[in-house]
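Quick notes on the structure that follows.
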Amino acid sequence: MALPAYIDASTGAITDGEAWVAIASAEPDSANVQFVSTDDGQVGDFSQYMDLKIVGYVRSLYSGVSTSLYLNLNNDTGSNYAQQYLYGSGAAVASGSVASTTYAYAGWIAGNTATANIFSAFTVDLFDINSGKYKSVIAQSADDRDGAGYVALFANTWQSQAAITEIDLTGVGVTLLAGTRIDLFGVLPRMVA
Amino acid sequence: MAVIEAIATTYLEADAASVTFSSIPATYEHLQLRTNIRTARASALEPTAIRFNGDTGSNYASHRLIGQSSTPLAGRETSQTRAYATGQMPTATAERSFYGSGYVDILDYANTNKNTTILFLSGENEATYPYVTFGSALWDATAAVATILLYPLHGSNFARGSEFTLYGLKSS
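Chains as they are written, first to last, in my numbering: chain A, 243 to 435; chain B, 198 to 369.
The structure is reproduced here in structure tokens:
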């Protein structure tokens, strides 16, 4: 396991470094954004983090006003994901759950017919990513389109005990529009006696 | 100077009735608590309770917005002896690898002129009872938060492998 960034490699002393470490950023104009652990003991090595956090601002070329942004881990496209969601749209509120599906939800994103310059915001938190537990993934999504759209919360579980080493975000059947920006952060623990 | 610092992590190597963060320095602007939880309760589902500074009085209020399968719910409580830190979490009735997770933001926690308001987001997908919960709570006291107590609401233990990390966020 890589030495955590809050430990000085030369002295072994704990430092007061940033607990959130900027790992990578993507400004894609393709259908898929992929983050892969570098497994080299450097900043991009997922094995040193307790959690991961993704922050995104996204629009797509989907032919309608809004589509979904899926998340897959370790390139697993099997039926190993479960979701519980809660959303509001105007005065309507709804919730639902899906078991044994092939993706987690990161959010809903504006499509090509949404008003120009409207992008959708989302955050995703991935917890205890190097544990032998099933991985818990929580997302918030703001697909606000000026009088229409959704605000949504998602609780996802990836039913795998593997450490997370790859994250794929995919606009469903569409290309993410230029101007989209997605940032990945590593969240460090601080083990104390 | 770091903007976000990890203050302490507790990773349970055995079941425990509670987890406490004490002597929290007042040198940050805000706190964030991140959790990954399962409890040892023999019945399904158990929320996580939170208290500040050892206050067991009826000084807490909460709101929760919940999605449980196809049923959205909302509710509130007042004059409680604890607030919520998470919605429902998996228990001993769930498959062994299921843990729930979430985070709690504790804002302006060191300011002694304001009551403390928190917000949280949590979720779990235990097969029979999936939940996502967005909530808030008010601690009706102006003291700086120096101690945080977390415990399973129905009196069981946090299960081995549950994890809790407290972060401090600094301002400019």
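For each residue, glycine too, the CB sits at the ideal point set by N, CA and C. From a predicted model like this one, the values you see are computed outputs, not experimental measurements.
Next item on the list: To the nearest angstrom, report how far apart N274 of chain A and G428 of chain A are at their CA atoms.
Entry: When rounded, the distance between both Cα atoms is 20 Å.
Margin query: I'd like to know if N233 of chain B contacts chain A, where contact means its C-beta is closer than 9 Å to some C-beta of that chain.
Written below: Cβ-Cβ to chain A under 9 Å: yes for N233 of chain B.
Item checked: Within 8 Å of chain B by C-beta, residues of the segment 398 to 416 of chain A in sequence order -> Listed in chain order, the positions of the segment 398 to 416 of chain A with a beta carbon within less than 8 Å of a beta carbon of chain B are N398, T399, Q401, Q403.
Notebook entry, point to check: Looking at L395 of chain A and I409 of chain A, is the spacing between their C-beta atoms short of 9 Å?
Noted result: Result no, Cβ atoms of I409 of chain A and L395 of chain A do not sit closer than 9 Å.
Next item on the list: Could you tell me which residues DSSP puts in a beta bridge with K295 of chain A?
Entry: DSSP lists A:D367, A:F427 as the beta-bridge partner residues of K295 of chain A.
Check: So, does the CB of L328 of chain A fall closer than 9 Å to a CB anywhere in chain B?
Finding: Taking Cβ atoms only, chain B reaches closer than 9 Å to L328 of chain A, which makes this a yes.
Note to self: When you compare the CB positions of L426 of chain A and L294 of chain A, do they come within less than 9 Å of one another, or not?
What the structure shows: Taking a C-beta distance under 9 Å as the contact criterion, L426 of chain A and L294 of chain A qualify as a contact pair.
Notebook entry, point to check: So is I247 of chain B in contact with chain A if we call contact Cβ pairs under 9 Å?
Noted result: Not an interface residue.
Check: How about S373 of chain A: is its C-beta nearer than 9 Å to some C-beta of chain B?
Finding: Yes, S373 of chain A lies at the interface with chain B (some Cβ there is under 9 Å from its Cβ).
Check: In the segment 322 to 351 of chain B, which residues sit with their C-beta less than 8 Å from some C-beta in chain A, listed in chain order?
Finding: Hits within the stretch, in order: N322, A324, P327, Y328, V329, F331.
Notebook entry, point to check: Is the shortest distance between the beta-carbon of Q276 of chain A and the beta-carbons of chain B less than 9 Å?
Noted result: Residue-level contact by beta carbon fails for Q276 of chain A and chain B, as no gap is shorter than 9 Å.
Next item on the list: Scan the segment 331 to 365 of chain B and note each continuous beta strand (DSSP E) run of 3 residues or more that stays entirely inside, going in chain order.
Entry: Under the rule that a run must span 3 or more residues, the beta strand (DSSP E) segments found entirely inside the segment 331 to 365 of chain B read 345 to 349.
Checklist line | Enclosing beta strand (DSSP E) for I247 of chain B [first to last residue] | finding: In the DSSP assignment, I247 of chain B falls within the unbroken beta strand (DSSP E) covering 243 to 249.
Note to self: With a threshold of 9 Å between beta carbons, is F295 of chain B in contact with chain A?
What the structure shows: Output row for F295 of chain B: interface = yes.
Next item on the list: Name the residue from B:S294, B:A271, B:V200 whose alpha carbon lies nearest to the alpha carbon of R357 of chain B.
Entry: Looking at the Cα atoms, B:S294 is the closest of the given residues.
Check: Interface residues of chain A around V200 of chain B at Cβ under 7 Å?
Finding: Within chain A, the residues E260 have their CB atoms less than 7 Å from the CB of V200 of chain B, given in chain order.
Next item on the list: Indicate whether L366 of chain A and G298 of chain A have their beta-carbon atoms separated by less than 9 Å.
Entry: One detail in the question is off: residue 366 of chain A reads as Val in this sequence, not Leu. Closer than 9 Å, so yes.
Notebook entry, point to check: Beta carbon of N308 of chain B, beta carbon of A343 of chain B: below 9 Å?
Noted result: It is not a contact, given that the beta carbons lie outside the stated cut-off.
Note to self: Using a Cβ-Cβ cutoff of less than 7 Å, which residues in the same chain neighbour Y306 of chain B once the five nearest sequence positions on both sides are dropped?
What the structure shows: Closer than 7 Å at Cβ, skipping near neighbours: H227, L228, T313, A341, V342.
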